[in-house]
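J.: Okay, handing you the structure first.
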Amino acid sequence: MPAIRTHASRTKKPPAGFDDIRDDLEVFNIKMKDAQNAPTGNLPKAQAQWPIFQIAHQRTRYVYELYYEKDAISKQLYDWLLKNGYADAMLIAKWKKQGYEKLCCLRCVQTKETNYSSTCICRVPKAQMKDETKDIQCVNCGCRGCGSSD
Amino acid sequence: MLRSTHKPSGNAPPPLPPGWTEHKAPTGHTYYYNAATKESTYKRPGLAEIASPAPPPPPIAGANPNASFLQHSAIPNLSNPAAANAWQAQFNAPPQHQQNQRGGFGGRGGRGGNDRPRPQPRDKPKSSTPIPGCEPWVLVYTKYGRRFVYNPTKQASYWRIPEKVMKGVIELDIKGIQDKATGDKSASAEPTTEPKDGDTEMAEAQEAEEEQQEIGSDYEEVEVTDSEGEHDDDNGEEGEHKSKRQRTEEPEEEEQGPVEFSEEDFAAQLQAMGADYGLDPGEYDDGDPDAWPEGAEGLEISESDSRELFKDLLADHGVNPFSPWEKLIDEGSSLVDDPRWTVLPNMKTRREVWEEWSRAHIQLSKERRAKEEKKDPRIPYLAFLQAKANPKLYWAEFRRKYRKEPPLRDTNLADKEREKLYRDYIARLKLPLETQKKDLSALLRGVPLKDLNNKTPHENLPSQLLSDIRYVSLQASVRDPLIQAYIETLPPPPEEGEAVDDEASRKERAERRKREDALREREKAVEEQKRRQRRQLEHGRAVLREEERELERAQHVDGRKGIQSQLLAEREKKGADAGAEGGDEA
Chain Y
1 MPAIRTHASR TKKPPAGFDD IRDDLEVFNI KMKDAQNAPT GNLPKAQAQW PIFQIAHQRT
61 RYVYELYYEK DAISKQLYDW LLKNGYADAM LIAKWKKQGY EKLCCLRCVQ TKETNYSSTC
121 ICRVPKAQMK DETKDIQCVN CGCRGCGSSD
Chain C
1001 MLRSTHKPSG NAPPPLPPGW TEHKAPTGHT YYYNAATKES TYKRPGLAEI ASPAPPPPPI
1061 AGANPNASFL QHSAIPNLSN PAAANAWQAQ FNAPPQHQQN QRGGFGGRGG RGGNDRPRPQ
1121 PRDKPKSSTP IPGCEPWVLV YTKYGRRFVY NPTKQASYWR IPEKVMKGVI ELDIKGIQDK
1181 ATGDKSASAE PTTEPKDGDT EMAEAQEAEE EQQEIGSDYE EVEVTDSEGE HDDDNGEEGE
1241 HKSKRQRTEE PEEEEQGPVE FSEEDFAAQL QAMGADYGLD PGEYDDGDPD AWPEGAEGLE
1301 ISESDSRELF KDLLADHGVN PFSPWEKLID EGSSLVDDPR WTVLPNMKTR REVWEEWSRA
1361 HIQLSKERRA KEEKKDPRIP YLAFLQAKAN PKLYWAEFRR KYRKEPPLRD TNLADKEREK
1421 LYRDYIARLK LPLETQKKDL SALLRGVPLK DLNNKTPHEN LPSQLLSDIR YVSLQASVRD
1481 PLIQAYIETL PPPPEEGEAV DDEASRKERA ERRKREDALR EREKAVEEQK RRQRRQLEHG
1541 RAVLREEERE LERAQHVDGR KGIQSQLLAE REKKGADAGA EGGDEA
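Taken in order, these protein sequences are the chains called Y and C. Using my numbering, read the first sequence as starting at 1 and increasing by one per residue. Using my numbering, read the second sequence as starting at 1001 and increasing by one per residue.
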């Protein structure tokens, strides 16, 4: 039987500065676990995953702000966090692009998945909505609007 | 002017039955108290069928809860007749009478609905003392500490003390001062005699006043003039009118009030009362905005101030600057309850300020950490082990039990290392004490003198010692005396110069040595080169000399003759050799 190998970087101890944010990340972890274990009951099928997306977004945003906006964590720690799944590197990559600063999830910009090759409703700026007062939530992640101009 | 409480006889209510006294509640209601039966009532006792003049209704509890409380709490004080009389003397004017009288001052006419008397300073006779030597005369003290002389027989009273009585008064004063000095309170000058029944005293005061007016030309004794009375009144009026507050404490305050109320006194009192009610001077209007203390008026918070306030709030509540904003919102109920939360208009600005604050704080903590020296992570862990570990716990149990403790969460120490230390520590705990002591002394001997010497403070042992399992595993009670004893036997720290030598100076010295070495090297090289040069020079000279000598020799052998003679010489030499041989043979 082959030896079970764990990913070398995963077992590596976190770089300095992790102690500062560990508790908060732990809170996100707990929230995520709770969301995963929450009974979906008779929720609409699309809504079942909304909390998961939401928490993933919040956690990624947290790491992103710590590194890019507040300069609170080191490059090493940031890389370590990405590697260990504390943040979604792909989503952060989108946030760096103009027009995607507030993107809620990657599914919402995936035009190939929609019938008319369009993005999700939440990507439409509030100003361009036909009925501005109407409160919409997108099907993918429950986003209420993530246009940069909102 | 002393306000008269004189009642016209026609209007006077029937006298009270014996044992009853009349009192005024702080609300202004008149009530009656029987000291013997400890009974109090609003109805005028004794003559119930005769309609008492406008029997005051019981106070409305909602309107002034304090009032009824104060009224009842005041009663027990009056069980002593003297106190009761004094009390009565202050509060015995019936309300309707006051109303009439105050009408004269013109301040009160407009507000008939308010039957509560307006609190205001009113001077009243408080006690009287017979003046020794001039028998009929008595010296009367008023509530505010002023005094006048009164002659009961002639029913005359004067603010200014007549000359014939003056001597006695001075005597009395001296006696009072002496009494005070000896601390004999019972013989103090003021309340030596019991004050008389309030009504009569008031009447006397009134009559004295009248007499003053009659003989006013003889004595210019009027110190308290109408104008001052009005003045006081105006102030009181203004204060009450503007603040429109119930001041139930007022009667008590009056008792020990200042001697004379000036305008400043009123302003100060108003402010003090405002402070009692938690109001800023700007919130009630005393009609004199210039006199408000600095910053009292409507507190205009500038934007930067409010931002700073919000930052203070964040700091005071121990918000972690690394935490996300959502966490603050989810758990920040104590934050929201704080009044400083509302200094910022909306959530957006709050978030902005929070971001600013957290950024600054993260920077601060970074700088602080950079300044802090690197500490061996094992030291706190071992200290924790010493406090908490015990042989009954396996490592797994121990780790589980204390997983939340900071020494067990420190990422600088690997879990493996922690486990190893734990096991070592537990193993060492089982060793006999003697062995542990021996190990400790071996450890102590191993520490260089530079780190551990007789100047080392006990709290500041070197980390080499603290991070060693042999140090930790021995109980502190056994260990510390051992270390202390060992430290005392040690010599002082090595040479001052060496002690001072820190990293920088050592580096500098090394540099210098290197420079000197380089110099020496270079000198050596130069020397070598010089020597070589010299040798070359000498060699050259030698070659030259050799050539010269050759040349000289060549010059010496000149022409043919030279060669011939040479050959001849050679031949001769040969011949001689042969001859010598022949001779030898022969």
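Idealized CB from N, CA, C, for every residue including glycine.
Can you tell me which residues form a DSSP beta bridge with C/Arg1409?
T.: Beta bridge pairing from DSSP links C/Arg1409 with no other residue.
J.: Give me the residue from Y/Asn37, Y/Pro2, Y/Trp50 and Y/Gln54 with the minimum Cα distance to C/Glu1326.
T.: Y/Gln54
J.: Name the chain Y residues that come within less than 9 Å of C/Ala1414, Cβ to Cβ?
T.: Lys13
J.: Can you give me the start and stop residues for the beta strand (DSSP E) that C/Gly1020 sits inside?
T.: Before going further, note that residue 1020 of chain C is Trp rather than Gly in the sequence given. Its beta strand (DSSP E) spans residues Trp1020 to Lys1024.
J.: Since C/Glu1039 sits in a beta bridge, which residues does DSSP pair it with?
T.: C/Asn1034
J.: Please classify C/Ile1483 as buried or exposed, where buried requires at least 16 other C-beta atoms within 10 Å of its C-beta.
T.: Buried: at least 16 other Cβ atoms inside 10 Å.
J.: Report buried or exposed for Y/His57, applying the criterion of at least 16 other Cβ atoms within 10 angstroms of its Cβ.
T.: buried
J.: Can you give me the start and stop residues for the alpha helix (DSSP H) that Y/Phe28 sits inside?
T.: Phe18 to Asn37
J.: In this structure, does DSSP put C/Lys1126 in helix, strand or coil?
T.: strand
J.: Count the other C-beta atoms from every protein chain shown that fall within 10 angstroms of the C-beta of C/Thr1030, then say buried if there are 16 or more, exposed otherwise.
T.: buried
J.: Output the boundary residues of the alpha helix (DSSP H) element that contains C/Tyr1422.
T.: Asp1415 to Leu1429
J.: Under 8 Å, do Y/Val63 and Y/Ala87 count as touching if we go by C-beta distance?
T.: yes
J.: Taking the Cβ atom as the reference point for each residue, do C/Leu1429 and C/Tyr1471 lie within a distance shorter than 8 Å?
T.: In this structure, C/Tyr1471 does not lie closer than 8 Å to C/Leu1429 by Cβ.
J.: Is the distance from the Cβ of C/Arg1307 to the Cβ of C/Val1336 below 8 Å?
T.: no
J.: Could you check which residue in C/Pro1448, C/Asp1305 and C/Ala1181 has the C-alpha nearest to that of C/Pro1493?
T.: C/Pro1448
J.: Specify the secondary structure class of C/Tyr1471 as computed by DSSP and reduced to three states.
T.: Assigned with DSSP and collapsed to three states, C/Tyr1471 falls in helix.
J.: In whole angstroms, what is the alpha-carbon distance linking C/Ile1170 and C/Pro1017?
T.: Taking the straight line from one Cα to the other gives about 41 Å.
J.: Is the region 1406-1421 of chain C close to the region 1458-1468 of chain C, with three or more CB pairs under 8 Å?
T.: no
J.: What residues of chain C sit near Y/Ala72, judged by a beta carbon separation below 7 Å?
T.: Scanning chain C for C-beta atoms nearer than 7 Å to the C-beta of Y/Ala72 yields Phe1322 and Ile1362, reported in chain order.
J.: What span of residues does the alpha helix (DSSP H) with C/Phe1398 cover, start to end?
T.: Trp1395 to Lys1401
J.: Among the candidates C/Leu1313, C/Ser1323, C/Ala1360 and C/Lys1366, whose CA atom is the shortest distance from the CA of C/Thr1342?
T.: C/Leu1313
J.: Run down chain C in chain order and give the residues with a C-beta less than 9 Å from the C-beta of Y/Gln58.
T.: Pro1324 and Glu1326
J.: If you reduce the DSSP assignment to three classes, tell me which class Y/Thr111 lands in.
T.: helix
J.: If you draw a straight line from the C-alpha of C/Ser1004 to the C-alpha of C/Arg1122, how long is it?
T.: Here the model assigns C/Ser1004 a pLDDT of 49, short of 50, so the residue's position is not dependable, and the following value carries that caveat. For C/Ser1004 and C/Arg1122, the distance between alpha carbons rounds to 10 Å.
J.: Anyone know if the C-beta pair for C/Arg1147 and C/Val1138 falls short of 8 Å?
T.: no
J.: Nearest to C/Ser1163 by alpha carbon, out of C/Ala1389, C/Cys1134 and C/Arg1509?
T.: Here the sequence assigns Glu to residue 1163 of chain C, which means Ser is not the residue at that position. For C/Glu1163, the nearest C-alpha among the options comes from C/Cys1134.
J.: Excluding the 5 residues flanking C/Tyr1425 on each side, which residues of the same chain have their C-beta closer than 7 Å to its C-beta?
T.: Leu1385, Ala1389, Ile1469, Val1472 and Ser1473
J.: Pairs of beta-carbons, one from the region 1022-1038 of chain C and one from the region 83-97 of chain Y, closer than 8 Å: are there three or more?
T.: no
J.: Can you list the residues of chain Y that C/Ser1333 reaches, using a CB-CB cut of under 9 Å?
T.: Those do not exist, as C/Ser1333 stays about 16 Å from chain Y at its closest Cβ, beyond 9 Å.
J.: What runs of the alpha helix (DSSP H), each 4 residues or longer, lie entirely inside the region 1505-1552 of chain C?
T.: Correct list: empty.
J.: Buried or exposed for C/Gln1566, going by 16 or more other Cβ atoms inside 10 Å?
T.: exposed
J.: Under a three-way DSSP split, which group does Y/Leu106 fall into?
T.: coil
J.: Within 8 Å, do at least three Cβ pairs link the region 114-134 of chain Y to the region 35-45 of chain Y?
T.: no
J.: Please report the distance separating the alpha-carbon of Y/Lys94 from that of Y/Ile52.
T.: CA-CA distance, Y/Lys94 to Y/Ile52, rounds to 19 Å.
J.: By the three-class DSSP mapping on this structure, what secondary structure does C/Ser1477 have?
T.: Looking at C/Ser1477 - three-state DSSP - the assignment turns out to be helix.
J.: Skipping 5 residues on each side, what residues in its chain have a beta carbon closer than 8 Å to that of C/Leu1452?
T.: Hits under 8 Å: Leu1444, Leu1461, Pro1462, Leu1465, Ile1487 and Leu1490.
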